[in-house]
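Asker:
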Amino acid sequence: MDCLFCDIVKRKQDAHIIYEDDSHIAIMDKYPIQNGHSLVMPKLHHEKIIDMSNDEVGQLFSRVPIVARGILAATGADGFNIGQNNGKSANQIIPHVHVHVIPRYQKVGNTWARRMIASNGDLDTLAKKIRDNISSR
Numbered sequence: 001m002d003c004l005f006c007d008i009v010k011r012k013q014d015a016h017i018i019y020e021d022d023s024h025i026a027i028m029d030k031y032p033i034q035n036g037h038s039l040v041m042p043k044l045h046h047e048k049i050i051d052m053s054n055d056e057v058g059q060l061f062s063r064v065p066i067v068a069r070g071i072l073a074a075t076g077a078d079g080f081n082i083g084q085n086n087g088k089s090a091n092q093i094i095p096h097v098h099v100h101v102i103p104r105y106q107k108v109g110n111t112w113a114r115r116m117i118a119s120n121g122d123l124d125t126l127a128k129k130i131r132d133n134i135s136s137r
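Number 137 marks the last residue of the sequence shown (the UniProt record's numbering); no jumps.
#1: Between Gly87, Gly83 and Ser62, which lies nearest to Asp51 when the distance is taken from Cα to Cα?
#2: When burial is assigned at 16 or more other CB atoms within 10 Å of the CB, is Ala127 buried or exposed?
#3: Using a Cβ distance threshold of 8 Å, determine whether the segment 88–101 contacts the segment 27–44, with at least three qualifying pairs required.
#4: Taking 8 Å as the cut-off, does the segment 73–80 touch the segment 2–9 (at least 3 CB pairs, one atom from each stretch)?
#5: Is the beta carbon of His37 less than 8 Å from the beta carbon of Arg63?
#6: When burial is assigned at 16 or more other CB atoms within 10 Å of the CB, is Ile71 buried or exposed?
#7: Looking at Ile66: is its Cβ nearer than 8 Å to the Cβ of Tyr19?
#8: Less than 6 Å between C-beta atoms, sequence neighbours within five positions excluded: which residues of the same chain meet that for Ala68?
#9: How should Val108 be labelled, buried or exposed, when 16 other C-beta atoms within 10 angstroms of its C-beta is the threshold for buried?
#10: Can you list the beta strand (DSSP E) stretches of 3 or more residues lying completely in the UniProt domain "HIT" (4–113), in chain order?
#11: Taking only the alpha-carbon atoms, compute the straight-line gap between Lys48 and Ile27 and give it to the nearest angstrom.
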């Protein structure tokens, strides 16, 4: 299996590492949305977040505030977004779980993609369907 992020973890590929511990690493995004955009990821390879245990997901997300505080202090950003994509259709480019920490700046603005307007009936129907398909693991 060839994985760019696994190669970074193994030091076979260069990256700008900003945080590292025994089980996680954070690097600067090579194609940032905003100055300071970084990625937090587990060292252990998982393609999608649903491939991870609940504990592993919790451990990953517990590193996000640590990295975000450092980014905010270093960049002077006014806020930040976090994002986590799963699968090609969700814009996951590297198939290794990672969380985007994207600093936001008041002077730059924050654009979001176009949003849909859903009816209450559609939301009620879909909410029930989702509830019926959620299982606690």
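All residues carry an ideal CB built from backbone N, CA and C; glycine is no exception.
Answerer: Straight from the coordinates:
#1: If we check each option's Cα against that of Asp51, Gly87 comes out closest.
#2: Counting every other CB atom within 10 Å of its CB across the protein chains shown gives Ala127 a total below 16, marking it as exposed.
#3: They touch, by the three-pair rule.
#4: Under the three-pair Cβ rule at 8 Å, the segment 2–9 does not count as touching the segment 73–80.
#5: Arg63 is positioned such that its CB atom lies no closer than 8 Å to that of His37.
#6: If you draw a 10 Å sphere on the C-beta of Ile71, you find 16 or more other C-beta atoms in it, and that means buried.
#7: Yes, they are a contact pair.
#8: Sequence-distant partners of Ala68 (beyond 5 residues in either direction) whose C-beta falls short of 6 Å from its own C-beta, in its chain, are Phe80 and Val101.
#9: Answer is exposed; the Cβ neighbour count stays below 16.
#10: Segments of the beta strand (DSSP E) lying fully in the UniProt domain "HIT" (4–113): 17–20, 24–28, 38–42, 79–83 and 99–104.
#11: About 18 Å.
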